[in-house]
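What follows is one structure encoded as structure tokens, with my remarks underneath.
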Amino acid sequence: MSEPEEYPGAAPGGASEAASEPASEGAAIAEQTLRSVRQRLASLDDLPAADHVAVFDALHQELSDVLGSLDRTD
């Protein structure tokens with residue numbers, strides 16, 4: 001797999017400044033969720049393409065749930 005993509009505001013290695021000092025509980029939950037999602041997306045290389053849709057659907061649901069909970073807490 002290729003090197004992880006760097007994002008604006010991200011420190012080298014993919015750790016963002018916000019991850020080291022989350023401003024709120026919501027930010028900490030978001031960072032934890034994103035780490036988990038990235039790991040699960042990286043694992044797609046080991047799965048047959050036919051199984052990717054189920055992973056995408058599960059991740060979409062998880063991200064939607066987290067975003068909904070962040071809207072209610074922040």
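Take 1 as the starting number for the sequence shown in UniProt numbering and just add one per residue. Note that CB positions come from ideal geometry on N, CA and C, so glycine has one too.
Beta-carbon gap between residue i and residue j smaller than 8 Å
i	j	result
LEU67	VAL37	no
GLY26	LEU63	no
Which of helix, strand or coil DSSP assigns to residue i
i	result
LEU67	helix
HIS52	helix
LEU59	helix
LEU34	helix
SER43	helix
Chain-order list of residues whose beta-carbon lies under 6 Å from that of residue i (same chain, five-residue window excluded)
i	result
LEU47	none
ALA49	none
Checklist entry - When the Cβ atoms of the segment 24–33 are set against those of the segment 51–59, are three or more pairs found closer than 8 Å? => result They do not touch, by the three-pair rule.
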